[in-house]
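Input: a single structure, listed below in structure tokens.
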Amino acid sequence: MQRCGIIVPVFTTNIPMITVSKEKGTDDLSRDSRRGRGVKIALPLIALFLAFSAFLMSGGDISKIPQTLTEIFSQTEEGRHNAPVGEEALALSEIPPWEPGELQIHYLDVGQGDSCLARLPNGETMMIDGGNNPDGEKIAAYLKEAGIQKIDYLIGTHPHEDHVGGLDVILRSFDIGEIYLPEIAGALVPTTKTYEDVLDAISEKGLRAVKAKAGVQILREEELSIRILSPASSDYDDLNDYSAVVKITFGEKSFLFMGDAETQVEEELLSGEEILSADVIKLGHHGSST
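Just so you know, we're using this note's numbering here: the sequence shown kicks off at 11 and counts up by one.
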């Protein structure tokens, strides 16, 4: 039985994690519908609970209820913004355990940036991008809470800070199997400290980056394939177009990760021979117009 899970962790304690699982031969849409009805019922109950709490806190003075409600929400918001870093990481109980033969995809919420974790059916792990510079420690904490000690395949789609900013921390915090980076044309090679930090961390580990380019087969096993579809050229004018585009296929399910690839690469892929259809796509350039 093939099992694919989609995990969307959020690095704050106030917003719950969303988990969607798919099993061959099952349909979770009805469960989602029931959950939606549950939300419609729960919201009025929450409102009543808050109103009753405000009534008690106001000493029974109805006129003070609006002010008391405002204080409740302001305290909650203040607590969220002032929460120490340790409290922002997801609790271990919120991370579903991985089971042999299961593919889990974790889309990490790093704000204006990208970071995805794949727990593969064979027990290996793959990480695509590491968010911004401040996200490295939070991502590392999440991985450790999930019991991960090694990243077998680490991919930096392209050297922009919102994609590789936290990779130096990941490199120094875990055993690394292979790291993939695109080869950038000379004039576009970044000279930022962020990129230099990543290269220094690779050197410290004694690793050599594998060139991420179209046609590279990262992994191929029974029912499982991980393949790089782009970049197919070495003379793009935009650094975003050097993005490593990655496709994971597990049985009949597939996931496409576009990095920050823009119009030129999208047109190349559409006119090429690669099969692009996927059950889930991580849109290029954060979903912005390309």
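Just so it is clear, CB atoms sit at the ideal spot from N, CA and C, and this is done for glycine as well.
| Asked | Found |
| --- | --- |
| Beta-carbon proximity of H168 to P192, cut-off 8 Å | yes |
| Where Q317 falls, given that 16 or more other Cβ within 10 Å makes a residue buried | The structure shown does not extend to residue 317, since the chain is modelled only from 11 to 300, so the question has no answer here. |
| Residue closest to A197, alpha-carbon to alpha-carbon, out of L177, S244, L234 and G187 | S244 |
| Closer than 7 Å: P144 CB and nearest the ligand PLP heavy atom | Looking for the ligand PLP in the displayed structure turns up nothing, as the structure carries no ligands at all. |
| From I158, F267, V275 and Q274, residue whose alpha carbon lies closest to that of Y117 | F267 |
| Close Cβ partners of V208 (< 6 Å) along its chain, the five nearest in sequence each way excluded | V174, L177 and D178 |
| Sequence-distant residues of its chain with Cβ nearer than 7 Å to E231 (five each side left out) | N132 |
| Rounded C-alpha distance that separates E283 from G225 | 11 Å |
| Distance CB(I165)-CB(F265) smaller than 8 Å | no |
| Spatial distance of S40 from E262 (CA atoms) | At S40 the pLDDT is 33, less than 50, meaning the model places this residue with poor confidence; the figure from the coordinates comes in the next sentence. Those two C-alpha atoms are separated by around 21 Å. |
| Distance between L113 and L293 (C-alpha atoms, nearest Å) | 20 Å |
| Exposed unless 16 or more other CB atoms sit within 10 angstroms - verdict on G216 | exposed |
| D248 vs E277 beta-carbon contact at 8 Å | no |
| Reduced DSSP category for Q274 - H, G, I as helix; E, B as strand; rest coil | helix |
| Own chain partners of N143 with C-beta closer than 8 Å, once the 5 adjacent residues on each side are dropped | E171, G175, G176 and T204 |
| Run of the beta strand (DSSP E) containing S264, from where it starts to where it stops | K263 to F267 |
| Run of the beta strand (DSSP E) containing E104, from where it starts to where it stops | That residue, E104, is in no beta strand (DSSP E); it is neither H nor E in DSSP. |
| Reduced DSSP secondary structure (H/G/I, E/B, other) of S213 | helix |
| Euclidean distance between Cα positions of V256 and R182 | 24 Å |
| A151: first and last residue of the uninterrupted alpha helix (DSSP H) it sits in | G146 to E155 |
| Helix, strand or coil at Y246 [DSSP, three-state] | coil |
| Integer Cβ distance of I238 from A219, believed to fall under 8 Å | About 13 Å separates the two Cβ atoms, so there is no contact after all. |
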